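Residue numbers (our numbering): 3 to 320.
Below is one structure; the comments refer to it alone.
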């Protein structure tokens, strides 16, 4: 709010730049692991997601989502917003807040939170400043409609919990929870020299059981399907495995539509901002639990060691 106050007093380029984080929107996902009691805490604001994967008592691979997507399709979120804004039946429509924004929680996105500053409507901002501001959404009556307050969950990490995947919504729009876990398992097979599955067909992903509470709601609403045979050399496999970095491995496969290299090449070659029309942002982090056979070969669990094969070297600045 202080940035907006300064903007009313002085619409300088500096003050305009200071309001940009409030104008744009961002989701957030944070995890904290307590090694003394093996408790993992996950805080989410928006529609990013955290998955943990491990083995059950029968030796089956399972995946569990520790977060729930906070969107206009989440019935709990819809009920919360309607309760906060009684008498506004159009507050959530078509799965979007005020018919426009999909995440129901986010940082920034001022136009769903701020109508006026110290009694001054944002429409009274100087013209030079209003160039950077979008028109308020329809039915904008009792803001804020969107909050940045996170939802926090906890999980006990046992010996059979093997890894965690944290990703932005762009990953989960293209892959199911099971596929993501299976791809990490296949990556472990190749890069950690630890047999993780007895699947006889190396071209297929191993079976993983999704035990998430809301697993059906978390499945991608749209999946690309191509019945034509692929012209690439990966036509006998439903995944790609080329990367030393497991997060890059997931992103590559998310863009491959089932192991097609040509799709990856086409999608990553589209320059910004045009690329936004064809693919969402893809941010992924993978963390492994335990120190036996980890990709970094860490002998001391308290050490932080760089993996040179999966790290981009810093470039000198002139």
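From the three backbone atoms N, C-alpha and C, an ideal C-beta is built for every residue, glycine too.
Here the structure is a predicted model, which is why all the values come from computation and not from measurement.
Residue 164 burial status per 10 Å Cβ neighbour count (16 or more: buried):
Taking the chain shown and counting its residues from 1, the one referred to as residue 164 is at position 162. The residue in question, residue 164, is buried, as its Cβ has 16 or more Cβ neighbours within 10 Å.
Where do the ends of the alpha helix (DSSP H) carrying residue 174 lie?
Here residue 174 is taken as the residue at index 172 of the chain shown, counted from 1. Annotation for residue 174: the continuous alpha helix (DSSP H) segment containing it runs 171-174.
Taking 8 Å as the threshold (C-beta atoms), are residue 51 and residue 67 in contact?
For this step, residue 67 is matched to residue 65 along the chain shown. For this step, residue 51 is matched to residue 49 along the chain shown. Between residue 67 and residue 51, the gap from beta carbon to beta carbon is short of 8 Å.
Along the alpha helix (DSSP H) that carries residue 24, what are the first and last residues, could you check?
Start at 1 with the first residue of the chain shown, and residue 24 comes out as number 22. Per DSSP, residue 24 is one residue of the alpha helix (DSSP H) stretching across 15-25.
When DSSP labels each residue in this structure, what does residue 266 get in the three-state scheme?
As a first step, residue 266 must be located in the chain shown, where it is residue number 264. Helix.
Flag this pair as touching only if the stretch 106-124 and the stretch 70-85 have three or more C-beta atom pairs under 8 Å; answer yes or no.
Touching, per the Cβ criterion.
With 16 other CB atoms within 10 Å as the buried threshold, where does residue 292 fall?
Locating residue 292 in the chain shown gives position 290, where the first residue counts as 1. Per the 10 Å Cβ criterion, exposed.
So what's residue 278 in DSSP terms, helix, strand or just coil?
Stepping through the chain shown from its first residue, residue 278 is reached at position 276. For residue 278, the three-state secondary structure derived from DSSP is helix.
Tell me which same chain residues have a C-beta within less than 8 Å of the C-beta of residue 177, skipping the five on either side of it?
Residue 177 sits at position 175 when you count from the first residue of the chain shown. Closer than 8 Å at Cβ, skipping near neighbours: 185, 222, 252, 255, 256.
Put residue 166 into one of helix, strand or coil per three-state DSSP.
Walking along the chain shown from the start, residue 166 turns up at place 164. Annotated three-state conformation of residue 166 is strand, per DSSP.
Helix, strand or coil for residue 47, going by three-state DSSP, please let me know.
Mapped onto the chain shown, residue 47 falls at position 45. In this structure, residue 47 counts as strand in the three-state DSSP scheme.
Is it a yes or a no for the stretch 207-215 touching the stretch 167-181, going by three-plus beta-carbon pairs under 8 Å?
In this structure the stretch 207-215 touches the stretch 167-181; the number of beta carbon pairs closer than 8 Å is three or more.
Could you give the distance in angstroms between the alpha-carbon of residue 65 and the alpha-carbon of residue 212?
For the purposes of this step, residue 65 is taken as residue 63 along the chain shown, with counting starting at 1. For the purposes of this step, residue 212 is taken as residue 210 along the chain shown, with counting starting at 1. So the alpha carbons of these two residues sit roughly 5 Å apart.
Leaving out five residues on either side along the sequence, give the residues of the same chain with a beta carbon under 8 Å from the beta carbon of residue 55.
For the purposes of this step, residue 55 is identified with residue 53 of the chain shown, where counting begins at 1. In the same chain as residue 55, and ignoring 5 residues on each side of it, the C-beta atoms closer than 8 Å to its own belong to 63, 64, 65, 66, 163, 164, 165, 166, 167, 183, 186, 187, 210, in chain order.
Please list the terminal residues of the continuous alpha helix (DSSP H) segment that includes residue 179.
The residue given as residue 179 occupies position 177 in the chain shown. According to the DSSP assignment, residue 179 belongs to the alpha helix (DSSP H) that extends over 179-193.
Flag this pair as yes or no: are the beta carbons of residue 122 and residue 145 separated by less than 8 Å?
For the purposes of this step, residue 122 is identified with residue 120 of the chain shown, where counting begins at 1. For the purposes of this step, residue 145 is identified with residue 143 of the chain shown, where counting begins at 1. No.
Under 8 Å between C-beta atoms of residue 60 and residue 154:
Against the chain shown, residue 60 aligns to sequence position 58. Against the chain shown, residue 154 aligns to sequence position 152. In this structure, residue 154 does not lie closer than 8 Å to residue 60 by Cβ.
Cutoff 6 Å; reference residue 149; Cβ partners in own chain excluding five residues on either side:
Residue numbering aside, residue 149 sits at position 147 when the chain shown is read from its first letter. Closer than 6 Å at Cβ, skipping near neighbours: 107.
So, are the CB atoms of residue 329 and residue 26 less than 8 Å apart?
Examination of residue 329 is not possible in this model, given that the chain is present from 3 through 320 alone.
Buried versus exposed, by CB contacts within 10 Å (16 or more), residue 160
On the chain shown, position 158 is the one that residue 160 refers to. Answer is exposed; the Cβ neighbour count stays below 16.
Please report how far the alpha carbon of residue 267 lies from the alpha carbon of residue 276, in whole angstroms.
On the chain shown, position 265 is the one that residue 267 refers to. On the chain shown, position 274 is the one that residue 276 refers to. Cα-Cα distance, rounded: 15 Å.
Rounded to whole angstroms, what is the Cα-Cα separation between residue 288 and residue 152?
Position 286 of the chain shown, counting from 1, holds the residue named residue 288. Position 150 of the chain shown, counting from 1, holds the residue named residue 152. Cα to Cα, residue 288 sits roughly 21 Å from residue 152.
For residue 127, the nearest candidate out of 262, 18, 48, 41 (CA to CA)
The residue you call residue 127 lines up with position 125 of the chain shown. Distances from the CA of residue 127 to each of 262, 18, 48, 41 were compared; the closest alpha carbon is that of 18.
Anyone know if the C-beta pair for residue 189 and residue 243 falls short of 8 Å?
Here residue 189 is taken as the residue at index 187 of the chain shown, counted from 1. Here residue 243 is taken as the residue at index 241 of the chain shown, counted from 1. Cβ distance < 8 Å, so residue 189 and residue 243 count as in contact.
Report the three-state DSSP secondary structure of residue 6 (helix, strand or coil).
On the chain shown, position 4 is the one that residue 6 refers to. Reduced to three states, the DSSP call for residue 6 is helix.
Where DSSP assigns a beta bridge to residue 291, which residues make up the other side?
Counting from one through the chain shown, the residue named residue 291 turns up at place 289. In the DSSP assignment, residue 291 is bridged to no other residue.
Tell me which residues share the same chain as residue 6 and place their Cβ nearer than 6 Å to its Cβ, disregarding the 5 neighbours each side in the sequence.
Counted from its first residue, the chain shown places residue 6 at position 4. So the qualifying residues of the chain are 119.
Where residue 138 sits in the DSSP three-state scheme:
Working through the chain shown from its first residue, we reach residue 138 at position 136. Correct three-state label for residue 138: coil.
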